[in-house]
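There are 2 protein chains.
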Amino acid sequence: MSETASVVVGVDVGGTNIEVGAVDERHHVLCRAKAATPEGGPEDVLKVIIELVGSLDSDPIAVGVGIPGVVHEGRALTVPNLVGWTEDVDLIGPLSDELGVPVTLGNDANVGLLGEWTAGAARGGRNVLGLWMGTGVGGGLILDGRPYVGTRGAAGEIGHVIVAAGGALCKCGRRGCAEAYAGRRSMRGVATTMVDAGRKTSLFTIRDDEGKTKLTSKVWARALEEEDTLATTLFDTAIETLGVAVGSTINLLDLDRVVVGGGLAEKLGQDLADKLYKATRPWMLQPSPDLQFVVSELGDDAGVVGAAVLARAAVVTG
Amino acid sequence: MSETASVVVGVDVGGTNIEVGAVDERHHVLCRAKAATPEGGPEDVLKVIIELVGSLDSDPIAVGVGIPGVVHEGRALTVPNLVGWTEDVDLIGPLSDELGVPVTLGNDANVGLLGEWTAGAARGGRNVLGLWMGTGVGGGLILDGRPYVGTRGAAGEIGHVIVAAGGALCKCGRRGCAEAYAGRRSMRGVATTMVDAGRKTSLFTIRDDEGKTKLTSKVWARALEEEDTLATTLFDTAIETLGVAVGSTINLLDLDRVVVGGGLAEKLGQDLADKLYKATRPWMLQPSPDLQFVVSELGDDAGVVGAAVLARAAVVTG
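Quick look at the structure:
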C-alpha cells in the first residue's frame, strides 16, 4: 500500500501527442497512456489529460504537467505550439479540482531536462544544457545545481540563439535563429524547395514507405542511414548550426554537460551527441575540461519522468 | 576606530592600469591610487599591487582583486590579456603573505558586475547581464539572485557569443564573435583599413588632439559627437552586433536587467543603454515585461567596488 501511495503521474503535452505515465519513487514509469493532442483549445486538452490520467491503473498523490509554453507562477502565459490557446490559461485549478490531487505545471523542455537530471543522462551535472531536436529546437538549463527558468519562465530557448543574424527565416519571424536551420519543420521546408528545384532525395519516398504524413525523425534517420545526399547535407547543416548556438551558450555559461534529446537522438544515439560536440568545439573559448556531450537516456520518457519529478517536488515543498 | 576597522581594499587589474581603492561598509571609495600595469609578468604585477595598497591611507581588513582572466578556486587559470602570464598563477598566497590580510581573487568582468549589483545600476536585479564595452567586450552574470561564474569560472563571455558564424575575424581566432565588431581593438583595425583605403575620418586627428596614442573611448565619444561618418558607422555596427548577442542571451536566460559599462558608457550615459535596447529588441523571443537596460552607475569604480565586495564577503564567510 505504501508503495502505491507514493506514485505520481507525469503528463507530457506535445504538439502531436499527450503522454501520461504513472511513476514510482525510483523514477520508473510503471504504466503509460497516450492520445493525440486535440486542436480545439485548452478545454479539450484538459479533458484528454483527465481521461488519460483516469485510464492509468494508479492512485497518484500528485500530478505534474509539462506543456510547450512559457509557465510562470503556475500559469501558462503563452503556448505558441498548441492550436486555440489564448494567453494566460489556468490549467492547475480545473485539473486539481477534477483529479483531486495537487497539480504542478512546467515548460516541456525544462521538464524534460529535469527528468534527465534526476534519472537520466544529466545526473550529477551542475551546469547543464538540455537540447531537444524536434519539430522545433527546444532547450532547458540546470545552473549552479538547480533548474534555471529565468525571470518569467522563458529561459532555455537554445533554438532562438542567433547563429547568423539576417540568415534563414525562422518561424518566430526573426532571421538566423538556430531553429531555422536545425528544426525538422525548417529542414522539411528546405527539402521540399530542393525537390521542387529538381534535386533528388529519398526522404519523401521513405516517408510514404513508412506510412507517415510528415518527415518524422524515423524518416530522417532512415534517409541518413541510406546515405541520401540531400538528407545528409541538411542534417550536417543542422548540426553545424547547433554547434554555433551551443558554442555561444558555453562561452556564456561555462557548462559541464550538454544533453541531446528528441526523436533524432533516440534514433542516432550517442553518435548524435558526438557529432554535436565536434561541431561545437571550434566555437568554444575556454571550455571546462569536465565538459561532456551525452545523448538522452530517457528518450521519449524524459517529459513524463520530469513532470513526475515536478509533481513529487510539489508534494515535498507543499 | 571601528569605522577604520571595517575598511577593505579593492584592486582592479586591467590591461592598461591597476587601480586600487579603500572602500567602506557603504561601498563608498574613500581614497584611490593608480599605476600602469607592468608588462613583465605576474611578479611585477604583484609588486605594483602591494605598493599601491601600501600607498593608501588605510588599514584594510581584507583585499579583493579583479583580474582579466579565468579564476577558479582562487587561482588564475588563464590571463590572456596580460603580458607574460603563463597558466595557473597563485596570486593569493604571495599577496596575503605580504599584505597580512585575507585576499580574494575574481574575474574583472564578474567583479565589476558584483560592484554594480551591490551598489550601482544592477541593484535589485535577479537575472542580470553586465556588458563592458572596452578594448574587448566583457561580461558578467547574476542568475537567480546570485553571481554566476560557471563550472570553472569562465562564464559571462558575451563578447564571444557568435553573431554571424564565419563573419569578422576575432582576436580569439574564431569568426563572427560580437567582440570582432564591437570591441575597440577591432573597431580601430577597421578604421585604419578604411583610412588606408581612402575613407576620411576625424578619429585619428581627435586622437592626436587629445594627446592619446590609441583610439580611447574619449576619442570615440568626441568623434560621435562631431558626427564623424566613419566613426558613426562603426559605432552603429557595434551596437547592432551587440544587440544580436544580447538578444541571444535573453532568449537563453530570460533576464530582467542588462547593465552596460566601460569607457564608452561613462561618456555616452543612458543613451548608450537605450541604443543597445533598441538594437536588442528585434531579436528577443519572449522578453519579461520587467526587462530594463541601464547604464553603469559606478563607472570606472565598478571594478574597485566589486573587488571590495569580494573581499568583504570572504571576511564574512571566513
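Quick mapping for you: the protein sequence lines, in order, are chains B and V.
Under our numbering, think of the first position of the first sequence as 1052, with each following residue one higher.
Under our numbering, think of the first position of the second sequence as 1052, with each following residue one higher.
All C-beta atoms in this analysis are idealised placements derived from N, C-alpha and C, irrespective of residue type, glycine included.
Owing to the predicted nature of the structure, the values given are computational and were not obtained by experimental measurement.
Length of the line joining the Cα atoms of residue i and residue j
| i | j | result |
| --- | --- | --- |
| residue 1132/V | residue 1305/B | 19 Å |
| residue 1176/B | residue 1343/B | 9 Å |
| residue 1242/V | residue 1285/V | 8 Å |
| residue 1359/V | residue 1341/V | 29 Å |
| residue 1263/V | residue 1256/V | 10 Å |
| residue 1076/B | residue 1190/B | 26 Å |
| residue 1272/B | residue 1065/B | 21 Å |
| residue 1349/V | residue 1167/V | 7 Å |
| residue 1227/B | residue 1293/V | 15 Å |
| residue 1024/B | residue 1152/B | Limits of chain B in this structure are 1052 at one end and 1369 at the other, which puts residue 1024/B out of reach. |
| residue 1161/B | residue 1181/B | 8 Å |
| residue 1268/V | residue 1287/V | 15 Å |
| residue 1236/V | residue 1193/B | 35 Å |
| residue 1062/V | residue 1128/V | 18 Å |
| residue 1275/V | residue 1328/V | 19 Å |
| residue 1053/V | residue 1351/V | Reliability fails at residue 1053/V, whose pLDDT of 44 lies under 50, so the model's placement of it is uncertain and the value that follows must be treated cautiously. So the alpha carbons of these two residues sit roughly 28 Å apart. |
| residue 1245/B | residue 1251/B | 8 Å |
| residue 1323/V | residue 1134/B | 41 Å |
| residue 1079/V | residue 1353/V | 11 Å |
| residue 1232/B | residue 1195/B | 30 Å |
| residue 1087/B | residue 1238/V | 54 Å |
| residue 1259/B | residue 1337/B | 46 Å |
| residue 1073/B | residue 1108/B | 8 Å |
| residue 1283/B | residue 1179/B | 28 Å |
| residue 1332/B | residue 1320/V | 38 Å |
| residue 1106/B | residue 1158/B | 24 Å |
| residue 1365/V | residue 1083/B | 51 Å |
| residue 1339/V | residue 1249/B | 45 Å |
| residue 1362/V | residue 1123/V | 16 Å |
| residue 1057/B | residue 1130/B | 31 Å |
Beta-carbon proximity of residue i to residue j, cut-off 8 Å
| i | j | result |
| --- | --- | --- |
| residue 1142/B | residue 1081/B | no |
| residue 1164/V | residue 1104/V | no |
| residue 1266/B | residue 1281/B | no |
| residue 1356/V | residue 1173/V | no |
| residue 1205/V | residue 1199/V | no |
| residue 1197/V | residue 1121/V | no |
| residue 1089/V | residue 1099/V | yes |
| residue 1213/B | residue 1299/V | yes |
| residue 1060/B | residue 1140/B | no |
| residue 1092/B | residue 1136/B | yes |
| residue 1345/V | residue 1308/V | yes |
| residue 1290/B | residue 1318/B | no |
Spatial neighbours of residue i in its chain, beta-carbon cut-off 6 Å, leaving aside the 5 residues before and after
| i | result |
| --- | --- |
| residue 1085/V | 1068, 1070 |
| residue 1230/V | 1187, 1188, 1210, 1221 |
| residue 1313/V | 1183, 1184, 1185 |
| residue 1125/V | 1143, 1156 |
| residue 1095/B | 1089 |
Neighbourhood of residue i by C-beta, 7 Å cutoff - its chain only, sequence neighbours within 5 removed
| i | result |
| --- | --- |
| residue 1367/V | none |
| residue 1208/V | 1190 |
| residue 1335/B | 1298, 1301, 1302 |
| residue 1055/V | Bear in mind that a pLDDT of 48 at residue 1055/V, under 50, signals an unreliable position, so the number given afterwards is only what the model happens to contain. Hits under 7 Å: 1110. |
| residue 1277/V | 1253 |
| residue 1154/V | 1114, 1116, 1143, 1146, 1147 |
| residue 1296/B | 1209, 1212, 1214, 1229 |
| residue 1171/B | 1347, 1348, 1349, 1353 |
| residue 1315/V | 1184, 1268, 1271, 1272, 1323 |
| residue 1234/V | 1186, 1187, 1188, 1210 |
Cβ neighbours of residue i in the same chain (closer than 8 Å, five flanking residues each side left out)
| i | result |
| --- | --- |
| residue 1217/B | 1226, 1227 |
| residue 1101/B | 1146, 1149, 1150 |
| residue 1261/V | 1267, 1269, 1270, 1273 |
| residue 1223/V | 1211, 1230 |
Residues, ordered as in the chain, of the segment 1195–1207 of chain B that lie near chain V by beta-carbon distance below 9 Å = 1195, 1197, 1199, 1200, 1201, 1202, 1203, 1204, 1205, 1206, 1207
request  = Starting from the N-terminal side, write out each stretch of the beta strand (DSSP E) that is 3 residues or longer and does not extend beyond the segment 1264–1314 of chain B.
outcome  = 1308–1312
task = Could you pull out every unbroken alpha helix (DSSP H) segment of at least 4 residues lying fully inside the segment 1078–1155 of chain V, listed in chain order?
result = 1093–1106, 1143–1150
task = For the segment 1207–1219 of chain V, enumerate the residues whose C-beta is nearer than 9 Å to any C-beta of chain B, in chain order.
result = 1207, 1208, 1209, 1210, 1211, 1212, 1213, 1214, 1215, 1216, 1217, 1218
query = Enumerated in chain order, which unbroken segments of the alpha helix (DSSP H) with a length of 4 residues or greater are wholly contained in the segment 1202–1257 of chain V?
reply = 1230–1233, 1235–1247
message = Which residues of the segment 1295–1328 of chain V have a Cβ closer than 7 Å to any Cβ of chain B? Give them in chain order.
response = 1295, 1298, 1299, 1300, 1302, 1303, 1304, 1305, 1306, 1307
request  = Please list the residues of the segment 1165–1178 of chain V that have a C-beta atom closer than 9 Å to any C-beta atom in chain B, keeping them in chain order.
outcome  = 1177, 1178
Residues of the segment 1098–1122 of chain V with Cβ closer than 8 Å to any Cβ of chain B, in chain order = 1121
request  = Give the residues from the segment 1337–1366 of chain V that approach chain A closer than 7 Å (Cβ to any Cβ), ordered along the chain.
outcome  = Of the protein chains in the structure, B and V, none is chain A.
query = Got a sec: which bits of the segment 1220–1248 of chain V sit with their beta carbon under 7 Å from any beta carbon on chain B, in order along the chain?
reply = 1223, 1225
message = Residues of the segment 1126–1149 of chain B in Cβ contact with chain V at a cutoff of 7 Å, in chain order, please.
response = 1129
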